[in-house]
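Chains as they are written, first to last, in the working numbering: chain A, 1 to 208; chain B, 209 to 331.
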């Protein structure tokens with residue numbers, strides 16, 4: 001598709017690399033948000049590095065193998081994965097101006113995200129009760145910092161999603177609301193990508 | 209989106225309405241992601257892979273899954289309209305790689321060169 005276009009149009013109109021003149025607002029907004037997401041992932045890389053360095057420093061306390069419950073982690077992963085799917089379908093319905101379908105998919109996304117958060121918070125509470133809180137060892141400090149930061153992102157994503165649903169209901173699917181929705185779905189997919197790193201480094205490698 | 213869409217740069221996550229391929233893209237992506245997730249858990253919990261190779265296997269599976277997410281959920285492609293997105297991603301990955309491997313490398317060296325500590329020191 002694009003190759004035919006490249007041959008057909010003059011070089012100054014070659015797609016990409018700014019060839020088509022100033023990009024539409026939508027592209028500029030999404031690209032700017034993409035840069036933000038990459039910087040957010042860079043911030044997470046610091047927490048990942050801290051965890052990788054400190055994961056063996058248990059100070060005589062519990063190890064990952066003792067405190068992680070892989071069955072819960074699997075359910076959490078499934079929730080987040082399916083919520084990413086429903087978020088994508090919701091973004092698609094919004095693009096097609098199908099307001100009611102968007103609201104259904106947004107509700108699914110919210111419920112799955114809230115389920116993820118509920119399991120995570122009850123895990124954390126159980127660990128703190130079992131004297132495996134963030135103050136117990138360097139390993140647990142790094143664990144709570146990394147996984148807690150991801151959980152905080154999911155929480156803010158849920159707040160943002162509720163706010164977006166309110167905007168769609170009140171303002172309708174106008175172009176600027178659609179641009180905000182696009183940023184939200186980028187954010188939600190990025191959380192899923194970070195979670196893949198978390199389950200691999202923290203849970204799957206830690207609970208062996 | 210309109211017809212002159214392809215003359216412009218494309219941003220990640222932007223939908224294209226020309227066909228139903230979008231729902232298909234998300235569904236295929238979900239299928240791959242589920243398969244890779246199950247594979248990760250199986251590799252980690254069984255002796256399917258040779259023991260010392262398990263972390264490598266898990267990292268490979270994680271990268272495969274991140275690739276699936278980028279392509280099927282964020283619609284990143286290799287076309288010229290995606291050059292800016294891929295360049296930004298490549299820079300981000302480079303920083304992530306430097307921070308993580310650099311930290312692990314430096315701290316491993318520090319640990320290796322550390323004087324043996326008496327065990328009874330207060331923690």
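Even for Gly, the Cβ is constructed at its ideal location relative to N, Cα and C. All values derive from a computational prediction rather than experimental measurement.
Is it true that the CB of residue j sits closer than 8 Å to the CB of residue i?
{"i": "residue 47(A)", "j": "residue 146(A)", "result": "yes"}
{"i": "residue 296(B)", "j": "residue 34(A)", "result": "yes"}
{"i": "residue 105(A)", "j": "residue 126(A)", "result": "no"}
{"i": "residue 109(A)", "j": "residue 83(A)", "result": "yes"}
{"i": "residue 116(A)", "j": "residue 76(A)", "result": "yes"}
{"i": "residue 139(A)", "j": "residue 54(A)", "result": "yes"}
{"i": "residue 185(A)", "j": "residue 87(A)", "result": "yes"}
{"i": "residue 254(B)", "j": "residue 273(B)", "result": "no"}
{"i": "residue 150(A)", "j": "residue 194(A)", "result": "yes"}
{"i": "residue 250(B)", "j": "residue 256(B)", "result": "yes"}
{"i": "residue 282(B)", "j": "residue 221(B)", "result": "yes"}
{"i": "residue 29(A)", "j": "residue 174(A)", "result": "no"}
{"i": "residue 232(B)", "j": "residue 248(B)", "result": "no"}
{"i": "residue 240(B)", "j": "residue 268(B)", "result": "no"}
{"i": "residue 167(A)", "j": "residue 159(A)", "result": "no"}
Which residues of chain A have a Cβ atom closer than 8 Å to the Cβ of residue i, listed in chain order?
{"i": "residue 286(B)", "result": "The premise fails here: residue 286(B) is roughly 10 Å from chain A at the closest Cβ pair, so nothing lies under 8 Å."}
{"i": "residue 249(B)", "result": "70, 74, 204"}
Between residue i and the rest of its own chain, which residues show a CB-CB distance below 7 Å, the 5 nearest in sequence each way excluded?
{"i": "residue 68(A)", "result": "203, 206, 207"}
{"i": "residue 197(A)", "result": "48"}
{"i": "residue 290(B)", "result": "218, 284"}
{"i": "residue 93(A)", "result": "101, 102, 105"}
{"i": "residue 1(A)", "result": "Only weak support exists for where residue 1(A) lies, its pLDDT of 43 falling under 50; the value from the coordinates is given anyway. Nothing listed; no residue qualifies."}
{"i": "residue 313(B)", "result": "none"}
With a CB to CB cut of under 8 Å and the five nearest residues on each side skipped, what residues in its chain are close to residue i?
{"i": "residue 285(B)", "result": "218, 279"}
{"i": "residue 3(A)", "result": "Any reading at residue 3(A) must be qualified, since the residue scores a pLDDT of 48, below 50, and its modelled position is unreliable; no value is offered."}
Starting from residue i, trace the alpha helix (DSSP H) both ways and give me its first and last residue.
{"i": "residue 62(A)", "result": "It is not in any alpha helix (DSSP H) - residue 62(A) carries neither H nor E in the DSSP assignment."}
{"i": "residue 40(A)", "result": "25 to 54"}
{"i": "residue 129(A)", "result": "99 to 129"}
{"i": "residue 314(B)", "result": "291 to 320"}
{"i": "residue 179(A)", "result": "175 to 198"}
{"i": "residue 163(A)", "result": "138 to 171"}
{"i": "residue 283(B)", "result": "That residue, residue 283(B), is in no alpha helix (DSSP H); it is neither H nor E in DSSP."}
{"i": "residue 265(B)", "result": "262 to 276"}
{"i": "residue 218(B)", "result": "Counting along the chain, residue 218(B) falls outside any alpha helix (DSSP H), and DSSP gives it neither H nor E."}
{"i": "residue 77(A)", "result": "70 to 95"}
Given that residue i touches chain A, what residues does it touch there, using C-beta distances under 7 Å?
{"i": "residue 260(B)", "result": "Those do not exist, as residue 260(B) stays about 11 Å from chain A at its closest Cβ, beyond 7 Å."}
{"i": "residue 296(B)", "result": "34, 35, 38"}
{"i": "residue 321(B)", "result": "Within 7 Å Cβ-Cβ: nothing; residue 321(B) doesn't reach chain A, min ~15 Å."}
{"i": "residue 256(B)", "result": "Those within 7 Å of residue 256(B) in chain A number zero; the least Cβ separation is about 13 Å."}
{"i": "residue 324(B)", "result": "The premise fails here: residue 324(B) is roughly 16 Å from chain A at the closest Cβ pair, so nothing lies under 7 Å."}
{"i": "residue 300(B)", "result": "38, 41, 42"}
Ordered along the chain, which non-local residues of its own chain (more than five positions away) have a Cβ less than 6 Å from that of residue i?
{"i": "residue 62(A)", "result": "132"}
{"i": "residue 112(A)", "result": "79, 82, 83"}
{"i": "residue 142(A)", "result": "50, 51, 54"}
For residue i, which residues in chain B fall below 8 Å Cβ to Cβ?
{"i": "residue 81(A)", "result": "238, 241, 242, 245"}
{"i": "residue 52(A)", "result": "308, 311, 312"}
{"i": "residue 185(A)", "result": "221"}
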